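As you go down the protein sequences, you meet chains E and S in turn. Under this note's numbering, the first sequence is numbered contiguously, ending at residue 425. Under this note's numbering, the second sequence is numbered contiguously, ending at residue 259. Yeah, the Cβ is synthetic: ideal placement off N, Cα and C, and Gly gets one too. Here the structure is a predicted model, which is why all the values come from computation and not from measurement.
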Amino acid sequence: MANGAQHTLTGLSGWARRLGGRHRAQPLALSERLEERLQSLSLDVAGCTQLHTELPPLLAPFENALNLNGARRCLLPLLLLPGHGEALLIRSPQAPLPPGTEAFIGYQFDASLKNGALAGRLQLPLPASDHLLLAEPLPGMAGWLLLLTDTPLDSAAERELVALAAALARGLAIWSAHQQRLEQAVSDERRAHAAELHDSLAQILGYLRLRTSRLDAHCSDCDRPELQALAADLSQQTRHAYRLLRDLISSARLTLEGGSLHSALAGVVREFEQRSALVFELDDRCPQLEPDEGIAIQLLMIVREALCNAVRHAHASHLRVQLLPDSDGKLRLRIEDNGQGLDDSRRRHDSFGLGIMQERAARIGAQLCIGNRPGGGTRIELQLDGPTP
Amino acid sequence: MSARLLPRLWPRADTRTPVPEQLLDSLDEAVLLLDSDARILYGNRRWHALIDRHDTAGSQLGAYLHPADLALWRGLFEQLQQAQRPAPIWLRIPCGAELHWCELRAQPLQPPHPWPVSLTLCDITPQVRADQVRAASHRSLSQLVGNLPLMLYRARNNRNWSMEYVSDGCLELTGYSADALVNQPRLSYGSLIHPDDAGGVWQQVQDALHRQQPFELHYRIHHADGRLCAVSEKGSGLYSDTGAILGVEGVVFTLEQR
Chain E
37 MANGAQHTLT GLSGWARRLG GRHRAQPLAL SERLEERLQS LSLDVAGCTQ
87 LHTELPPLLA PFENALNLNG ARRCLLPLLL LPGHGEALLI RSPQAPLPPG
137 TEAFIGYQFD ASLKNGALAG RLQLPLPASD HLLLAEPLPG MAGWLLLLTD
187 TPLDSAAERE LVALAAALAR GLAIWSAHQQ RLEQAVSDER RAHAAELHDS
237 LAQILGYLRL RTSRLDAHCS DCDRPELQAL AADLSQQTRH AYRLLRDLIS
287 SARLTLEGGS LHSALAGVVR EFEQRSALVF ELDDRCPQLE PDEGIAIQLL
337 MIVREALCNA VRHAHASHLR VQLLPDSDGK LRLRIEDNGQ GLDDSRRRHD
387 SFGLGIMQER AARIGAQLCI GNRPGGGTRI ELQLDGPTP
Chain S
2 MSARLLPRLW PRADTRTPVP EQLLDSLDEA VLLLDSDARI LYGNRRWHAL
52 IDRHDTAGSQ LGAYLHPADL ALWRGLFEQL QQAQRPAPIW LRIPCGAELH
102 WCELRAQPLQ PPHPWPVSLT LCDITPQVRA DQVRAASHRS LSQLVGNLPL
152 MLYRARNNRN WSMEYVSDGC LELTGYSADA LVNQPRLSYG SLIHPDDAGG
202 VWQQVQDALH RQQPFELHYR IHHADGRLCA VSEKGSGLYS DTGAILGVEG
252 VVFTLEQR
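Structure follows, in structure tokens:
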């Protein structure tokens, strides 16, 4: 609201008060105070570090300030943050929602948030309840300010809700820009670190790997078993360390090509296709499921490892990467080849790679199964747990 | 739907003629009938076997296609809406974790009425798989040849050494791209050879061809960047069964370090 308008309002409210109707003057006086409080809300939101814990207490006073006499109400920001596959519903743990509310919100708003198609204000009755769900778009952001209430808003309360959404959006815009700068700085630092590792430690470890392997070969010719065991162990551990380091470097360098798991996956398959005579098939059946960036990167690293193993050791002619939707909307990644399958000797040979894949899966809370494919070959299957609430 | 629709379309002439539905079910191609909303009015037995479901009447065909092929299908459907006769398309139909590649053709059932349209889906998975294997082996070979740090060639036996094919290694060796050297009247490989060496090269190759023996040459070429570069070449002639010389082929490389 412009300054001139504020003055007029103050003047009006003073005039109204002098006329004697204190109960009539109340909403106008409240608006003025609300303006100030909204400004400080913007600042507080901009300074948040953990949105989902810090935002509910910041919004709680406004739930009471809204001009809803005694009605039950709850404010719920719903945001699609950059780099996240699912919209984030911010809710206070102290205020329980009617059962099914979250699923209803997800169903109603998910598609419009992801497609960037935010219409004007929405008002939806909450199924199996006497509550209304009012949704005010956050200007300039992929998000809504939702209000759960059992009383329809009057025009004053509606105005307040719009002002609240605008103030929240202002704060979030600053917060989001700050977060992006932080993430960019972290990612730059990580790459610089990876480049340093690559130039220093990886060179030395690579050299050690060659030397210890030679030492191992020499010792296996001598007749001192304790020396043989020592050299074999040294060589094995050095190889392991080298693999871990290379993996660390490549994952720090990896970015999500095209900004989505699906385009990046196509990129990885193309890359391997350029370097072998195998037939690659990418069967992506859930372009609408987009996991968070962190999860997507781990998935890509698992696919890379699996493809690399298949090209190097599987003696396969056909490789298939599938992203399949589960009946409960979860993502399943399957990589299979028609090669010789996993026997125990190969399992040992690849043990570093398989171990690294298992660790990556565990890091994103996924189940990874490595086994033989019915009909011959290897099958790696990864079951992602659903989107994190 | 099918029971009501089909007898009207194909009235039974006599009892020896097979019932149309029997005929459709006997086909190895999936046959579908769609309305103007792309909803399935009828599907024959092969269709239901293809997708391993029986309750498809009334649902949209798009629901049974691979998500990556939906745009292709919508394109074809738009052509049908504009009463055009679309060209066949290849698309994937998921069945469990497996995929069937199908060639889809569509045409109006009773022209000039645009709707309903009849569709045939022919399972071409084996052909597509064979194509993929061929494409992969071709891709692999051309990448291998392209990445080699030398130039493979096939040329006509003339003093210009007009090239029919040179590998991508040509760029590194001569400074000219493969396209610039193949069948270009302006630039020929012969013109790159140092004038003092060109006569010897021609003579040695002709001697070898005459004896039907392979040849090995060492000479200098002008690199595009102005350097004079010493190269080695090994090659042999291409002969017809009657001994006529059709051309020469071989490999040119340099031992110089750039």
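Taking the C-alpha atoms as reference points, what is the distance between residue i and residue j?
i: Asn408 (chain E); j: Gly377 (chain E); result: 6 Å
i: Arg73 (chain E); j: Ala202 (chain E); result: 13 Å
i: Pro161 (chain E); j: Phe145 (chain E); result: 14 Å
i: His224 (chain S); j: Gly295 (chain E); result: 43 Å
i: Cys255 (chain E); j: Leu256 (chain S); result: 39 Å
i: Pro115 (chain S); j: Ser37 (chain S); result: 8 Å
i: Glu232 (chain E); j: Gly242 (chain E); result: 15 Å
i: Asn161 (chain S); j: Tyr177 (chain S); result: 16 Å
i: Ile400 (chain E); j: Trp48 (chain S); result: 40 Å
i: Asp379 (chain E); j: His349 (chain E); result: 11 Å
i: Arg60 (chain E); j: Asp190 (chain E); result: Note that Arg60 (chain E) scores 39 on pLDDT, short of 50, meaning its location in the model is unreliable and no value can be drawn from it.
i: Tyr278 (chain E); j: Ala397 (chain E); result: 21 Å
i: Cys110 (chain E); j: His214 (chain E); result: 28 Å
i: Leu263 (chain E); j: Gln273 (chain E); result: 15 Å
i: Val249 (chain S); j: Ala209 (chain S); result: 11 Å
i: Leu418 (chain E); j: Gly59 (chain S); result: 35 Å
i: His55 (chain S); j: Trp102 (chain S); result: 20 Å
i: Leu42 (chain S); j: Leu124 (chain E); result: 42 Å
DSSP on residue i, reduced to helix/strand/coil?
i: Leu158 (chain E); result: strand
i: Gln61 (chain S); result: strand
i: Ala171 (chain E); result: strand
i: Gly413 (chain E); result: coil
i: Asn408 (chain E); result: strand
i: Ala131 (chain E); result: coil
i: Glu326 (chain E); result: coil
i: Cys258 (chain E); result: coil
i: Ala50 (chain S); result: helix
i: Arg399 (chain E); result: helix
i: Ile125 (chain S); result: coil
i: Glu196 (chain E); result: helix
i: Arg160 (chain S); result: coil
i: Ser241 (chain S); result: coil
i: Ile338 (chain E); result: helix
i: Trp180 (chain E); result: strand
i: Pro118 (chain E); result: coil
i: Pro76 (chain S); result: Per the sequence shown, the amino acid found at residue 76 (chain S) is Gly instead of Pro. In this structure, Gly76 (chain S) counts as helix in the three-state DSSP scheme.
i: His18 (chain E); result: This structure gives no information on residue 18 (chain E), because the portion of chain E shown stretches from 37 to 425.
i: Ser119 (chain S); result: strand
Under 7 Å between beta-carbons, which chain S residues line up against residue i? List them in chain order, please.
i: Ser312 (chain E); result: Ser141
i: Gln358 (chain E); result: Ala98
i: Val315 (chain E); result: Gln133, Val134, Ala137
Run down chain E in chain order and give the residues with a C-beta less than 9 Å from the C-beta of residue i.
i: Leu247 (chain S); result: Correct list: empty, because the minimum Cβ distance to chain E is about 30 Å.
Name, please, each residue of chain E whose Cβ falls closer than 8 Å to the Cβ of residue i.
i: His67 (chain S); result: Asp319, Arg321
Along chain E, in chain order, which residues have C-beta atoms closer than 7 Å to that of residue i?
i: Pro95 (chain S); result: Arg321
i: Gln144 (chain S); result: Gln310
Can you name the residues of chain S whose CB is closer than 8 Å to the CB of residue i?
i: Leu301 (chain E); result: Correct list: empty, because the minimum Cβ distance to chain S is about 12 Å.
Within 10 angstroms of its Cβ, does residue i collect 16 or more other Cβ (buried), or is it exposed?
i: Asp166 (chain E); result: exposed
i: His211 (chain S); result: exposed
i: Val206 (chain S); result: buried
i: Thr248 (chain E); result: buried
i: Ile333 (chain E); result: buried
i: Val222 (chain E); result: exposed
i: Pro425 (chain E); result: Because the pLDDT of Pro425 (chain E) is 36, which lies under 50, any placement of that residue in the model is unreliable, and the number read from its coordinates should be weighed accordingly. Result: exposed.
i: Asp235 (chain E); result: exposed
i: Ser78 (chain E); result: buried
i: Ser299 (chain E); result: exposed
i: Tyr240 (chain S); result: exposed
i: Glu122 (chain E); result: buried
Counting only beta-carbon atoms, is residue i nearer than 7 Å to chain C?
i: Ala267 (chain E); result: Of the protein chains in this structure, namely E and S, none is chain C.
Let me check you understand the geometry: is the CB of residue i closer than 6 Å to at least one non-hydrogen atom of the ligand SAH?
i: Thr185 (chain E); result: In the structure on display, the ligand SAH does not appear, and there are no ligands present to speak of.
Problem - the segment 325–334 of chain E contacting the segment 368–375 of chain E, beta-carbon criterion three pairs below 8 Å - result: As far as the Cβ criterion goes, the segment 325–334 of chain E does not touch the segment 368–375 of chain E, which means the pair count is below three.
Problem - Three CB pairs or more closer than 8 Å across the segment 223–232 of chain E and the segment 278–290 of chain E - result: A contact is defined here as three or more CB-CB pairs under 8 Å, and the segment 223–232 of chain E meets this definition with respect to the segment 278–290 of chain E.
Handout entry: Touch test, the segment 129–148 of chain S against the segment 61–72 of chain S, Cβ-Cβ under 8 Å, three pairs minimum
Key = Segments in contact, no.
Handout entry: Given 8 Å, three or more beta-carbon pairs between the segment 23–34 of chain S and the segment 44–60 of chain S
Key = The segment 23–34 of chain S vs the segment 44–60 of chain S: in contact.
Practice task
Would you check if the segment 341–356 of chain E and the segment 306–314 of chain E touch, i.e. whether three or more CB-CB distances between them fall below 8 Å?
Solution key: Yes: the two stretches touch, three or more of their Cβ pairs being nearer than 8 Å.
Handout entry: Touch test, the segment 117–124 of chain S against the segment 151–169 of chain S, Cβ-Cβ under 8 Å, three pairs minimum
Key = Too few Cβ pairs lie closer than 8 Å, so no.
Practice task
Determine, using beta-carbon pairs with one atom in the segment 81–94 of chain E and one in the segment 204–219 of chain E, whether at least three such pairs fall under 8 Å.
Solution key: Short answer: they touch.
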